[in-house]
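Novice: Starting off with a structure, shown below.
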Amino acid sequence: MALVRSIDSSEIVDDCAYGVLGKSQFYVGLEKCIGDLRGMLLDKDVSVVGAQSMGGGGKTSLALGLCNDPQIKEYFHENVVFITVSQSPNLIGILETMWEKIGGRKKQEFQNLEDGHKQLQQLILRQPKSTLVILDDVWSRIHLENLLFEGPGYKTVVTTRDRSNIPTTQTTRLYQLPLLCKEDALSLFCFWAFGRTSIPSTIDANLVKEVQAECGGLPLALKVIGSCLRGEPHDVWERAKDQISRGESISDYHKKGLIKLLEISIDSLDDVARECFLDLGLFPEERKISADALLDIWVYVRNLQWHNAFSILSDFASRNLLNLTGNPWSRVAISYGSASELYFSQHGVMRELALHLGSQDGGDHRKRFLMPRKEASLPEKWEMLNHRACDVQLLSIQT
């Protein structure tokens with residue numbers, strides 16, 4: 083087993099200023115949804131709005147769009163805080179960040195959750211002002227309860243896959259994010275497949291529409307499949323259509339069907355790149371992580387030259403298998419084999435795909451062991467393999 087390195091907090095960025103729509107992104111079909119959400123938020127009798135859809139349904143894009151909505155900015159006087167919660171959140175760390183962002187004060191260190199919640203609630207009551215906090219990607223009702231507060235002008239938006247995470251009260255509203263309509267879905271798909279919002283005249287329009295229709299109006303599927311087919315010849319499109327049509331429909335919010343559909347996005351990867359993609363499952367979702375941490379694994383475990391590893395990283399970004407932020411084109415740093423100014427992040431569904439495919443290695447031939455969530459003890463599967471030889475190359479533990 084090869085132990086490469088630990089990743090400390092300086093290499094993981096939980097940036098609450100992260101709620102800004104990137105100019106390089108393309109969003110479609112959000113205007114009405116933002117308007118609906120805005121109407122709920124500006125109701126004086128509403129303090130919490132929950133936005134629900136399946137993974138990849140556009141919740142984060144909607145939340146970021148709300149952050150940048152002119153009417154929202156004006157109403158809340160720019161007091162808008164965006165926080166990614168995720169599956170295994172550091173709740174005390176989130177409360178400390180909220181203290182800094184909401185109160186405009188130096189980050190406070192809390193003794194425990196109860197202490198943090200109490201102090202932050204008192205701060206909000208002492209400093210009444212219109213404030214919007216967006217809690218993105220909430221997985222647990224228990225987590226959410228530690229992050230909700232009350233105060234004059236204080237409102238919260240929660241995005242989640244599970245509507246049962248949203249408390250049912252007189253001051254709470256639930257918004258179910260719809261899938262994209264056919265026209266918007268085709269525009270989004272074409273943008274990522276062709277760099278324009280319509281089908282080029284030189285392309286088989288019926289084939290494009292068949293592939294797009296199988297994505298079921300789900301933004302993540304449209305984005306990833308479109309990106310992976312960009313520039314590919316007709317026979318690759320035909321093969322993709324046949325593979326997709328054999329899978330399950332995702333139009334009914336079926337998670338298994340979505341994972342099956344997204345498998346097509348890595349079919350064209352060679353064996354080395356596929357192993358690199360599976361390594362992404364070792365890292366937490368929706369976190370900005372130093373690209374050097376990932377590149378180290380590919381160099382020291384996959385035995386790649388640094389520039390070849392960086393080429394794979396760039397290719398994954400172009401396929402929308404992950405996101406890159408920072409300064410990726412710092413030529414001096416890259417020429418010396420450093421990506422210290424570059425961070426990567428991955429959508430939760432893409433991480434689930436990596437975990438799903440990695441688990442198919444099976445039994446004693448598993449190359450990766452990971453604890454995907456913070457737990458009190460080692461997973462039972464690890465205990466079962468205690469006295470057996472394994473081919474494990476990578477071990478990931480969240481602490």
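Position in the sequence shown counted from 1, then plus 82, gives you the working numbering.
All C-beta atoms in this analysis are idealised placements derived from N, C-alpha and C, irrespective of residue type, glycine included.
If Leu259 and Lys141 are in contact, beta carbons under 8 Å, what's the gap, nearest whole angstrom?
Specialist: With a Cβ gap of about 6 Å, Leu259 and Lys141 count as contacting.
Novice: Assuming Phe365 is part of the beta strand (DSSP E), what are its boundary residues?
Specialist: Segment: none, Phe365 is in no beta strand (DSSP E) and carries neither H nor E.
Novice: Assuming Arg401 and Ser347 form a contact by the criterion Cβ under 8 Å, report the distance between their Cβ atoms to the nearest whole angstrom.
Specialist: Confirmed, Cβ separation roughly 7 Å.
Novice: Can the beta-carbon of Ser422 be found closer than 8 Å to that of Ile371?
Specialist: For Ser422 and Ile371, no; Cβs fall outside 8 Å.
Novice: Quick one, which of Ile184, Gln442, Tyr425 has its alpha-carbon nearest Glu160's?
Specialist: Checked all of Ile184, Gln442, Tyr425; the closest Cα to Glu160 is Ile184.
Novice: So Ile154 packs on Leu148, CB below 8 Å; how close in whole Å?
Specialist: That pair is a contact at about 6 Å.
Novice: Between which residues of its own chain and Gly132 is the CB-CB distance below 6 Å, once the five residues before and five after are set aside?
Specialist: Counting only Cβ-Cβ distances below 6 Å, and skipping sequence neighbours, we find Val240, Ile248, Leu256.
Novice: Would Gln193 be called buried (16 or more neighbouring beta carbons within 10 Å of its own) or exposed?
Specialist: Exposed, since its Cβ has fewer than 16 Cβ neighbours within 10 Å.
Novice: Where Phe271 and Lys291 are concerned, what is the direct C-alpha to C-alpha distance, given to the nearest angstrom?
Specialist: Going from the Cα of Phe271 to the Cα of Lys291 covers about 9 Å.
Novice: Taking 8 Å as the cut-off, does the region 155 to 175 touch the region 215 to 222 (at least 3 CB pairs, one atom from each stretch)?
Specialist: Contact between the region 215 to 222 and the region 155 to 175 is present, because at least three Cβ pairs lie under 8 Å.
Novice: Mind checking who Met214 pairs with in its DSSP beta bridge?
Specialist: According to the sequence displayed, residue 214 carries Leu and not Met. According to DSSP, which records beta bridges pairwise, Leu214 is partnered with Val162, Lys237.
Novice: If you check the beta carbons only, do Thr213 and Gln134 fall under 8 Å apart?
Specialist: No, Cβ-Cβ distance for Thr213 and Gln134 is not below 8 Å.
Novice: Do Lys264 and Val293 have their CB atoms nearer than 8 Å?
Specialist: No.
Novice: So is Lys237 buried or exposed if we call it buried at 16+ other beta carbons inside 10 Å?
Specialist: Flag for Lys237 reads buried.
Novice: In its own chain, which residues sit with a C-beta less than 7 Å from the C-beta of Asp118, not counting the 5 before and 5 after it?
Specialist: Tyr257, listed in sequence order.
Novice: Report the three-state DSSP secondary structure of Gln204 (helix, strand or coil).
Specialist: Helix, per DSSP.
Novice: How about Val163 and Thr253: do their beta carbons lie closer than 8 Å?
Specialist: Taking 8 Å as the Cβ cut-off, Val163 and Thr253 do not qualify as a contacting pair.
Novice: Determine the DSSP secondary structure at Gln258, reduced to helix, strand or coil.
Specialist: In this structure, Gln258 counts as strand in the three-state DSSP scheme.
Novice: Would you say the region 277 to 285 touches the region 301 to 310, given that touching needs at least three Cβ pairs under 8 Å?
Specialist: Verdict: no, contact absent.
Novice: From this set, Glu156, Arg187, Gly186, Leu202, which residue's C-alpha is nearest Leu173's C-alpha?
Specialist: Closest by alpha carbon: Leu202.
Novice: Under three-state DSSP, which class holds Gln387?
Specialist: DSSP places Gln387 in coil when its eight states are reduced to three.
Novice: Check whether the Cβ atoms of Leu360 and Leu230 lie closer than 8 Å to each other.
Specialist: No.
Novice: What does a CB cutoff of less than 7 Å around His506 pick up in its chain, not counting 5 residues either side in sequence?
Specialist: Since the first residue shown for the chain is 83 and the last is 481, residue 506 is missing from the structure and cannot be characterised.
Novice: Counting along the chain, where does the beta strand (DSSP E) carrying Leu268 start and finish?
Specialist: Not the beta strand (DSSP E): Leu268 falls in the alpha helix (DSSP H), residues 264 to 276.
Novice: Please list, in chain order, all residues of the same chain as Ala391 whose beta carbon is under 8 Å from its beta carbon, the five residues on each side excluded.
Specialist: Closer than 8 Å at Cβ, skipping near neighbours: Cys358, Leu377, Trp380, Val381, Arg384.
Novice: For Glu367, which of Cys115, Thr250, Leu404, Glu156 has the nearest alpha-carbon?
Specialist: Residue Leu404 is the option with its Cα nearest to Glu367.
Novice: Please report the distance separating the alpha-carbon of Gly482 from that of Cys310.
Specialist: Because the chain here runs from 83 to 481, residue 482 falls outside it and cannot be looked at.
Novice: So what's Ile371 in DSSP terms, helix, strand or just coil?
Specialist: In the structure shown, Ile371 sits in a strand (DSSP, three-state: E or B).
Novice: Consult DSSP for Val306 and reduce its assignment to one of helix, strand or coil.
Specialist: Three-state result, Val306: helix.
Novice: At which residues does the alpha helix (DSSP H) containing Gln153 begin and terminate?
Specialist: It spans 152 to 157 - the alpha helix (DSSP H) in which Gln153 sits, taken as one unbroken run.
Novice: Pull up the distance between the alpha-carbon of Ile307 and that of Gly111, whole angstroms please.
Specialist: Each residue's Cα considered, the two are about 18 Å apart.
Novice: Taking only the alpha-carbon atoms, compute the straight-line gap between Glu320 and Leu343 and give it to the nearest angstrom.
Specialist: Taking the straight line from one Cα to the other gives about 15 Å.
Novice: How many angstroms separate the CA atom of Ala287 from the CA atom of Ser327?
Specialist: For Ala287 and Ser327, the distance between alpha carbons rounds to 17 Å.
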